[in-house]
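>
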Amino acid sequence: MSTNVDHGQWSSRLAFILAATGSAVGLGNVWKFPYIMGENGGGAFVIVYLVCIFAIGIPVMMAEVLIGRRGRQSPGNSVRALALEAKASTKWSLVGWVGLIAGFLILSFYAVIAGWAVSYIFESAAGNFVGASPEKIQTIFNDLQNDSSTLILWTTIVLAVTGLIVGKGLKNGLEKAVTYAMPTMFLLLLIIAGYAAINGDFAQTIRFMFYPDFSKLTFSGVLIALGHAFFTLSLASGAMMIYGAYLPQKTSIAQSVVAIAIADTVIALIAGMAIYPIVFGNGLEATAGPGLVFVSLPIAFGQMWGGIVFGTIFFVMLGFAAFTSAIAMVESAVAWLVERLSFTRGKAALTAVVSLWFVSMLTVFSFTGAEWAKLDFVFVGKHVSNYFELIDHLTADVLLPLGGLATAIFVAWVMQKEAVAQELNVSEKVFSVWYVTLRWFTPIAVLFVFLNLIGLVSFSS
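Each residue of the sequence shown is one higher than the last, beginning at 2 in this note's numbering.
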């Protein structure tokens, strides 16, 4: 399989693992995972989440990387090429296009949240959290959300840096960025976790995270765990397909994907163990929702020894995590523009981030409470009150699971089995287990969860 555009390849297996792990490890691990875990029963949610990662996430990730490497193009074009190879309808290219669109929409609000993280680096370094009352910290957060000019400024900075990195190409942009960013981010996370263990309530954190209480877990929580497994692994967002397109032929897909999933899961758990000791040690609520990182933690850092230094380190780490994911989510769109319109990398990156900037305004003005951004209806089983909630729900709970479902069906039912086996290149036993899982278990599990979401089937909570 070949394309007229040579996007290049990762220089090594390690480069691919760092890049893909960087894509997977982002705000989903450090911002979203801790608070949704707190809202859905702690340890019980962690167990369901781990099952989703290893029983559904890994098989689907292997399928996505496989599509990317065999197609060697942007997601939609890769799926189209493989459909032609299997003598199937080219309409299957929609599988890749859904991923590209989902990643684009996610980044449109992700860039705004990343802007919060970057702005909080300066808030913390300036000492604005030191000795501040909970009311003052909440006011700082509310003022940030309500100030459209400030949100636009930080969102613009995030997208500009993302575009600059991606525009430099695979070797000089993406690969060089993740080679430095990922180890730095992990080191900073370990520093925060050590600080939290010493200065917070580590024992209560272990009980909360690893002693399950299934009475607190509803079927809605199971859906959230599945959706987050897709979100945190960057599945069905185009990222793994396009990163797979740059994977050298001799590199093992299975070994690389397992390493990425383990690294992503470990970092998510370490993030919980970095955040919750501080939360519990200061008598704060574990179920604080999206404000956990941007309200609860600043309150704690403001009262703790070394809070300025370690609070700043925390938000620097969060910024690194945000950028490694952002560059992955925009790469698919950039690759398509290079293929379809023969743009240079720089022009394609500029076009992509400018387009993203305009879409991100839907999220900015959702937070500022603009009247035109307000909504009031139920969409696929969930009430949404603004554009941000709509895009978040559409991507995390609808497009990502359905994209994973479509990917599983395409690889296991449409592609030629011999081509799949040749590309995966694992032992016959491993291939059989993976193939059966992808063909039967993954589609059935995702479909039942989704049908419950839209109310066509009902499970007791």
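Glycine is no exception: its CB is placed at the ideal position from the N, C-alpha and C atoms.
Fair warning: this is a prediction, and the values are worked out from it, not measured in the lab.
Excluding the five sequence neighbours on either side, which residues of its own chain have a C-beta within less than 7 Å of the C-beta of ILE314, listed in chain order?
Around ILE314: LEU189, ILE192 and ILE193.
> Between ALA21 and the rest of its own chain, which residues show a CB-CB distance below 6 Å, the 5 nearest in sequence each way excluded?
So the list reads TYR244 and ILE261, once near-sequence residues are dropped.
> Below 8 Å CB to CB, which residues in the same chain sit around TYR111 once its five sequence neighbours on both sides are set aside?
Closer than 8 Å at the Cβ level, and outside the excluded window around TYR111, lie GLY27, LEU28, ALA323, SER326, ALA327 and MET330.
> Please go through the same chain and pick out, in chain order, the residues whose beta-carbon is closer than 7 Å to the beta-carbon of TYR50, but skip the five residues on each side of it.
Only ALA226, HIS229 and ALA230 meet the Cβ criterion.
> Are there 16 or more other CB atoms within 10 angstroms of the CB of ASN200, so buried, or fewer, so exposed?
Buried: at least 16 other Cβ atoms inside 10 Å.
> Taking three-plus beta-carbon pairs below 8 Å as touching, is the segment 156–174 in contact with the segment 355–364?
Yes, they touch.
> Only counting the same chain, and skipping five residues up and downstream in sequence, which positions put a Cβ closer than 7 Å to that of LEU236?
GLY58, VAL61, MET62, GLU65, LEU401 and GLY405, listed in sequence order.
> Is the beta carbon of MET318 less than 8 Å from the beta carbon of GLY97?
No, these two residues do not count as a Cβ contact at 8 Å.
> I need the straight-line Cα distance from SER12 to VAL179, nearest angstrom please.
Looking at the two C-alpha atoms, the distance is approximately 13 Å.
> Can you tell me the Cα-Cα spacing of LYS430 and VAL421, whole angstroms?
In a straight line, the C-alpha of LYS430 is about 14 Å away from that of VAL421.
> Quick check on the DSSP output: the beta strand (DSSP E) that includes LEU363 runs from which residue to which?
Segment 346–368 is the alpha helix (DSSP H) holding LEU363; no beta strand (DSSP E) there.
> Can you give me the Cβ contacts of ALA16 inside the same chain, cut-off strictly under 8 Å, excluding the 5 residues immediately before and after it?
Excluding positions up to five away in sequence, the list reads GLU176, VAL179 and THR180.
> From this set, ALA126, PRO444, PHE295 and ALA407, which residue's C-alpha is nearest ILE114's C-alpha?
Minimum Cα distance to ILE114 is reached at PHE295.
> Rounding to the nearest angstrom, what Cα-Cα distance links LEU351 and ILE276 in this structure?
Approximately 36 Å between the Cα atoms of the pair.
> Considering only the beta carbon of each residue, do PHE281 and ASP214 sit closer than 8 Å?
No, these two residues do not count as a Cβ contact at 8 Å.
> Starting from SER466, trace the beta strand (DSSP E) in both directions and tell me its first and last residue.
The first residue shown for the chain is 2 and the last is 462, placing residue 466 beyond what the model contains.
> Mind reading off the beta-carbon distance from PHE55 to MET186? Whole number of angstroms is fine, and I expect it under 8 Å.
Not really, about 23 Å apart at Cβ, beyond 8 Å.
> Could you have a look at LYS177 and say whether DSSP puts it in helix, strand or coil?
Helix.
> Should TYR121 go down as buried or exposed, given a rule of 16 or more other Cβ atoms within 10 Å for buried?
Buried.
> Between the alpha carbons of ALA87 and SER428, how many angstroms are there, rounded?
About 23 Å.
> Taking all protein chains shown into account, decide if SER216 is buried (16 or more other Cβ within 10 angstroms of its Cβ) or exposed.
Exposed, since its Cβ has fewer than 16 Cβ neighbours within 10 Å.
> Taking C-alpha atoms, which residue in GLN417, TRP414, PRO444 and LYS375 lies nearest to LEU403?
Looking at the Cα atoms, PRO444 is the closest of the given residues.
> Using the C-alpha atoms, what's the distance from ALA255 back to GLY292?
Going from the Cα of GLY292 to the Cα of ALA255 covers about 37 Å.
> What whole-angstrom Cβ distance do SER238 and GLY100 have, given they're in contact under 8 Å?
SER238 to GLY100, Cβ: 6 Å. Contact.
> When the Cα of SER367 is compared with those of GLN146, PHE34 and PHE232, which residue comes out closest?
When only C-alpha atoms are compared, the closest one is GLN146.
> Helix, strand or coil, according to DSSP, for VAL26 in the structure here?
VAL26: coil per DSSP, three-state reduction.
> Got a sec? Which residues, its chain only, sit under 6 Å from GLY39 by beta carbon, not counting five neighbours each side?
Only ALA287 and THR288 meet the Cβ criterion.
> Using the DSSP secondary-structure output, state which residues sit across from LYS375 in a beta bridge.
Note: LYS375 sits in a beta bridge opposite ASN387.
> What residue ranges within the segment 108–161 form continuous alpha helix (DSSP H) runs of no fewer than 4 residues, ordered along the chain?
Complete alpha helix (DSSP H) runs here, min 4: 135–147.
> I'd like to check one pair, GLY284 with GLY132: are the Cβ atoms closer than 8 Å?
Their beta carbons are not under 8 Å apart, which means GLY132 does not touch GLY284 by this criterion.
> Can you tell me the Cα-Cα spacing of PHE451 and PHE220, whole angstroms?
So the alpha carbons of these two residues sit roughly 11 Å apart.
> Return yes when the Cβ of GLN10 is within less than 8 Å of the Cβ of PRO249, no when it is not.
Contact: yes.
> Let's test the definition: count the other Cβ atoms within 10 Å of the Cβ of SER386 and tell me whether it reaches 16, buried, or not, exposed.
Exposed, by the Cβ-count rule.
> Using CA atoms only, rank isn't needed, just tell me which of GLY382, ILE279, SER109 and MET416 is closest to VAL80.
Out of GLY382, ILE279, SER109 and MET416, MET416 has the C-alpha closest to the C-alpha of VAL80.
> With a Cβ-Cβ cutoff of 8 Å, do ILE138 and ILE300 count as a contact?
The answer is yes: Cβ separation under 8 Å.
> Can you check which of these residues, TYR436, HIS384, SER333 and LEU448, is closest to ILE102 by C-alpha distance?
Closest by alpha carbon: SER333.
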